[in-house]
Amino acid sequence: MSEDVLAAIDSIKKLGIKVRIQKNYCEIVGNGINGFKYIKNLTIDAKNSGTLGRLILGLLIKSPKKIKIIGDKSLSKRDFSRVTTPLRKFGVKFFYKIKNKLPLTILGTQSAKGIKYFENKGSAQCKSSVMLAALNASGTTSIKAKKSRNHTELLFKYLKIPIKVRKTKKFDFIDIKKPKKIIAFNYQIPGDISSSAFFMVLTTLADNSKLLIKNVNINPSRVGVITILKKMGAKITLENQKNYRGEKISDILIKSSKKLKAINCPVELNSSAIDEFLVIFLIAAKAKGISYFKDLSELNQKESPRLIWGSKILNMMGIKTDLTNDSIKIYGQPDLEIKKPITVKNYLKDHRVFMMSTIAALTFGGKWKIYDKDSINTSFPSFLKIIKNINHSSL
1 MSEDVLAAID SIKKLGIKVR IQKNYCEIVG NGINGFKYIK NLTIDAKNSG
51 TLGRLILGLL IKSPKKIKII GDKSLSKRDF SRVTTPLRKF GVKFFYKIKN
101 KLPLTILGTQ SAKGIKYFEN KGSAQCKSSV MLAALNASGT TSIKAKKSRN
151 HTELLFKYLK IPIKVRKTKK FDFIDIKKPK KIIAFNYQIP GDISSSAFFM
201 VLTTLADNSK LLIKNVNINP SRVGVITILK KMGAKITLEN QKNYRGEKIS
251 DILIKSSKKL KAINCPVELN SSAIDEFLVI FLIAAKAKGI SYFKDLSELN
301 QKESPRLIWG SKILNMMGIK TDLTNDSIKI YGQPDLEIKK PITVKNYLKD
351 HRVFMMSTIA ALTFGGKWKI YDKDSINTSF PSFLKIIKNI NHSSL
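In terms of UniProt numbering, the sequence shown is numbered consecutively and its last residue is 395.
Next comes the structure, spelled out in structure tokens:
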């Protein structure tokens, strides 16, 4: 399991939840809504996981004792006001050492009532944190949310939590009421499209190759990477599609592509590809023409300033870019073969920076030295092993 998953398990165990980890599955014995039991002066370490750090705050809005949330160096640089601001509307109190950053301390309320919340950043983490808080609030919590991932909404529906969702072109309107109880359930985690994206790009850029990735979650709010890559000439097809617990699952077949073209990427695809842009930039580097990606300021709010890092790595490779605070133009070079040595010092230990650099090294050539391979343990510890297993033994 990844470090992010292990951090989540450790966190709920500290909250009094029994967890049994078996070889191929994990059993969690819940205590019901607001059934947490914990010691005084509890500290929860979210490590590198922004998802854990933000979502757990929503679950803790009724905590009668102060709980301290900490994280690693990277997570401690990220903005938590985007979550704490709406949670304060429930009556929750937060205490900071450095304003809006970790470490922070949360003190819940026993009189939480539903709120109205406008999520305007397209952040599924912020939206989901408020949705989890709504499970402990009387009345109705109403959310107007810019388009983002909807895994939490689908899970709520599957669990029969009182939720109504109305969709418009730009926003989702979500109403949630506190459930009387949540029934225990079984869930088989499908493949992650963000992790799959690196192998989609690797196969697209490799010679005479094809790859089948099985049982991947192709939730419409997540498949921006497939849409973008296909627009750029990648050969990707979906096979054996099915529904599971409200989610769409599919096998993904990828074949090499020699003819890649630039893209003026539609901004409406940004939220559904936000974690895949670094590796998408490698396709743009090989494509014929100038690719343009805009309204991507959210990329710089991740584990590292990824828009900046993406441009920096492309420049190291010899690819010209025009970078602003929220956009990048990439001047593709279809015949580029790197001859010089390249060193990537991944000082914020961003797993996606490491994986992007690895795919670039395998497909563009050159002698690369990429630091902090342990960063992949946060999300994809088997990444290098899989690379080797698909006959790229240069690592």
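In this text, a Cβ means the ideal position worked out from N, Cα and C, and glycines have one as well.
Taking the CA atoms as reference points, PRO305 sits about 10 Å from ASN325.
Around the Cβ of ILE183, a 10 Å sphere holds fewer than 16 other Cβ atoms; the residue is exposed.
Rounded to the nearest whole angstrom, the C-alpha separation of PRO266 and GLN188 is 33 Å. Of the candidates LYS144, SER327 and LYS180, the residue whose Cα lies closest to the Cα of GLY32 is LYS180. In this structure, DSSP gives VAL92 a state outside helix and strand, which the three-state scheme calls coil. Taken in chain order, the complete beta strand (DSSP E) segments of 3 or more residues contained in the region 161-192 are 163-167 and 171-177.
The straight-line gap separating the alpha-carbon atoms of ASP175 and THR152 is approximately 13 Å. Closest in C-alpha terms to LEU211, from the list GLY224, ILE254 and GLY71, comes ILE254. Cβ contact annotation for GLY246 (same chain, cutoff 8 Å, sequence separation greater than five): LEU154, LEU155, LYS157 and TYR158, in chain order. With a minimum length of 4 residues, the unbroken runs of alpha helix (DSSP H) contained wholly in the region 115-161 fall at 124-134 and 151-158. Within 10 angstroms of the beta-carbon of PHE383 lie 16 or more other beta-carbons, which makes it buried. For SER221, the CB contacts under 6 Å within the same chain, skipping 5 residues up- and downstream, are ARG149, ASN150 and SER272 in chain order. Using a 10 angstroms sphere on the CB of ASN315, the tally of other CB atoms stays under 16, which defines it as exposed.
Each residue's CA atom was taken as its position, placing TRP368 and LEU55 some 37 Å apart. A distance below 7 Å separates the beta carbons of LYS248 and ILE218. A direct Cα-to-Cα measurement between PHE185 and GLU27 gives close to 10 Å. Here DSSP, grouped into helix, strand and coil, assigns ASN264 to strand. The region 296-310 and the region 335-342 do not touch, with fewer than 3 CB-CB distances between them shorter than 8 Å. ALA284 and GLY332 do touch by the CB rule: their CB atoms are close to 6 Å apart, below 8 Å. Scanning the region 281-344 from its first residue to its last, the whole beta strand (DSSP E) runs of 3-plus residues come out as 290-293, 321-323, 328-331 and 341-344. Under the DSSP assignment, VAL216 falls in the beta strand (DSSP E) whose first and last residues are 210-217. No Cβ-Cβ contact shorter than 7 Å links GLU119 with ALA137. When Cβ pairs closer than 8 Å are counted between the two stretches, the region 95-109 is seen to touch the region 60-73, the count reaching three or more. LEU102 and ILE226 have their C-alpha atoms roughly 35 Å apart. For LYS37, the closest C-alpha among the options LYS47, ILE193, LEU15 and THR141 is that of LEU15.
The C-alpha of ASN270 lies about 13 Å from the C-alpha of ASN300. Residues LEU55 and THR152 of the same chain have their beta carbon placed closer than 6 Å to that of SER128, with the five preceding and five following residues left out of the count. Between CYS126 and ARG82, the gap from beta carbon to beta carbon is short of 7 Å.
Cβ neighbours of ASP275 within its own chain (closer than 6 Å, five residues either side excluded): SER194. In this structure, ASP372 and LYS349 form a Cβ contact; the two beta carbons are roughly 5 Å apart against a cut-off of 8 Å. Across the set ILE290, PHE281 and ALA197, the C-alpha of ALA197 shows the shortest separation from the C-alpha of ASP251. Taken in chain order, the complete alpha helix (DSSP H) segments of 4 residues or longer contained in the region 19-71 are 50-59.
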